[in-house]
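Participant: Provided herewith is a single structure, encoded as structure tokens, for subsequent inquiry.
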Amino acid sequence: MNPNGTFLANEIEDIILNSHQDGTDGSLISILEDIQDRYHFLPRDALILVSERLGIPLSQAYSIATFYNAFSLVPKGKHLVSVCLGTACHVKGGGDILDKIRRELNLDSRETTEDFQFTVEEVRCLGCCSLSPVVRVDNDTYAHLKQEQVPRILKKYQRAKEALDA
Ligand code: FES
């Protein structure tokens, strides 16, 4: 998404042109993945453009977009913070970790920070219960997490943004 919160039609056109299209749902999914990676969600206008270019009903694009958890129809942050509140993590203080993350990011009742750097979501199990409590940020897993480690971890991702902005 550009700084105005809109997407550029020619960027979507490029994604479609560069995709391997064989007329299957697989090629549609691959295009939607690329759009999701770029904008961190699937803008409605982008879905319309994709359906027009692929010659498929908009409803088909929406059915794929809403079926897979990896896709979002609302804007998400650049970094996805998944806080596990499954049984093992809950027992080991996952809820306190979630509260700390939300406080650090000033989230109140929102899921996504105002600068669209972070989206925080609760998950039920990340599949590594012996490491509880567990938080995943993008593809990084943080095990046996303590509240006092949270600011340093979040800073790591904020620093990455500052380095890019510099
Ligand atoms: S309950 Fe948290 S990883 Fe399984």
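At position 156 of the sequence shown the residue is numbered 165 (the working numbering), and the sequence of numbers has no breaks. Heads up, the beta-carbon is just placed ideally off N, CA and C, and yes, glycines get one too. In this text the structure is predicted, and so the values were computed from the model without any measurement.
Do the stretch 72-84 and the stretch 129-138 make contact, defined as three or more Cβ pairs closer than 8 Å?
Facilitator: The answer is no - the stretch 129-138 does not touch the stretch 72-84, with fewer than three Cβ pairs under 8 Å.
Participant: Measure the alpha-carbon distance for Leu67 versus Asp54 and round it to whole angstroms.
Facilitator: So the two alpha carbons sit approximately 10 Å from each other.
Participant: According to DSSP, is Val90 helix, strand or coil?
Facilitator: Looking at Val90 - three-state DSSP - the assignment turns out to be strand.
Participant: Quick one: grab the DSSP three-state call for Asn27.
Facilitator: If DSSP states are grouped into helix, strand and coil, Asn27 belongs with coil.
Participant: Considering Cα atoms alone, identify which of Val100, Thr121, Ser118 is closest to Cys134.
Facilitator: Out of Val100, Thr121, Ser118, Val100 has the C-alpha closest to the C-alpha of Cys134.
Participant: Give the DSSP-derived three-state secondary structure of Phe76 in the structure shown.
Facilitator: Phe76: helix per DSSP, three-state reduction.
Participant: Return the chain-ordered list of same chain residues with a C-beta closer than 8 Å to the C-beta of Ile21, the five sequence neighbours on each side being excluded.
Facilitator: Taken in chain order, the residues that qualify are Ile44, Ala55, Leu58, Val59.
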